Every structure is written in structure tokens, then in C-alpha cells.
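> In the UniProt record's numbering, the protein residues as written are 1 to 112.
Idealized CB from N, CA, C, for every residue including glycine.
Here the structure is a predicted model, which is why all the values come from computation and not from measurement.
(1) Looking at residue 102 and residue 73, is the spacing between their C-beta atoms short of 8 Å?
(2) State the Cα-Cα distance for the pair residue 45 and residue 26, rounded to the nearest angstrom.
(3) Rounding to the nearest angstrom, what Cα-Cα distance links residue 23 and residue 52 in this structure?
(4) Note down the Cα distance separating residue 6 from residue 76, rounded to an integer number of angstroms.
(5) Leaving aside the five residues before and after residue 69 along the sequence, list all residues of the same chain whose C-beta is less than 7 Å from its C-beta, in chain order.
(6) Whole alpha helix (DSSP H) runs in the UniProt zinc finger region "dksA C4-type" (85-109) with 4 or more residues, listed along the chain?
(7) With burial defined as no fewer than 16 other Cβ atoms inside 10 Å of the residue's Cβ, what is the status of residue 13: buried or exposed?
(8) Residue 82 to residue 88, Cα distance in whole Å?
(9) Determine the contact status of residue 99 and residue 67, defining contact as a CB-CB distance below 8 Å.
(10) If you draw a straight line from the C-alpha of residue 91 to the C-alpha of residue 64, how long is it?
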């Protein structure tokens, strides 16, 4: 893998982190505690609010997991270990890395 490809992957991963930060900022209000609103229609409104809160929290958890994967990929870039399968040590094909630069295994090892 050449230096231009490494630079491109680093930029892609950094932009993905920025996008996650923007999404977190937008989704923060949905994760707040649901308060009882006397003006709302009733029990169904509260159930709907609780369901929306649960979905916002699940989305936040998925973003946190993706952020962890991105930081791990950036660490592999810094350690010159990016692009190598963690199981067999072979090169991960560029096409696979283009689809998801966070992958850690070649297709053979990932498929079992």
C-alpha cells in the first residue's frame, strides 16, 4: 500500500469521525429523560416518547461502536499495521478496504 492510499484512508476515517460527532450532536436531545407531560394525550404519548428515547439510545450505541472501530483503524495506520489481516497476516484487498477501511480480516478469514 502506497503513501497516497494511506493518506486517503486516514482522511476518510477522520471525516467519518466528524460525521459521527455531528450525528451525536443531533441525536443528543432524543436520549434525554422522558418527562411526564400533562398536556399530552396520555399514556400512548408517553409510550411513544419512551420508544423514541430507546431508539435514540440504540442509535447512539451503534455510533459509539463505529467510533471505536474507526479509532482502532487509525491506530493501525499509526502502527503501520493497517491493511493486514489480524488472523493470517496477509494483505487485505484494497477493494475490501475501500468498502470499509475498518475491517481487520481478509475475506478468507472473515468467512471462517
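So, from the data block:
(1) If you number the chain shown from 1, residue 73 lands on position 73. If you number the chain shown from 1, residue 102 lands on position 102. Result yes, Cβ atoms of residue 73 and residue 102 sit closer than 8 Å.
(2) Position 45 of the chain shown, counted from the first residue, corresponds to residue 45. Position 26 of the chain shown, counted from the first residue, corresponds to residue 26. So the two alpha carbons sit approximately 22 Å from each other.
(3) Taking the chain shown and counting its residues from 1, one reaches residue 23 at position 23. Taking the chain shown and counting its residues from 1, one reaches residue 52 at position 52. Cα to Cα, the separation comes out at about 16 Å.
(4) In the chain shown, the residue the question calls residue 6 occupies position 6. In the chain shown, the residue the question calls residue 76 occupies position 76. C-alpha separation (whole angstroms): 11 Å.
(5) Counting from 1 along the chain shown, the entry for residue 69 is found at position 69. Same-chain partners within the cutoff: 102.
(6) 94-99
(7) For the purposes of this step, residue 13 is taken as the residue at position 13 of the chain shown. That one is buried.
(8) For the purposes of this step, residue 82 is identified with residue 82 of the chain shown, where counting begins at 1. For the purposes of this step, residue 88 is identified with residue 88 of the chain shown, where counting begins at 1. So the two alpha carbons sit approximately 14 Å from each other.
(9) As a working note, residue 99 is residue 99 in the chain shown. As a working note, residue 67 is residue 67 in the chain shown. Going by C-beta atoms, residue 99 is not nearer than 8 Å to residue 67.
(10) Residue numbering aside, residue 91 sits at position 91 when the chain shown is read from its first letter. Residue numbering aside, residue 64 sits at position 64 when the chain shown is read from its first letter. Rounded to the nearest angstrom, the two C-alpha atoms are 27 Å apart.
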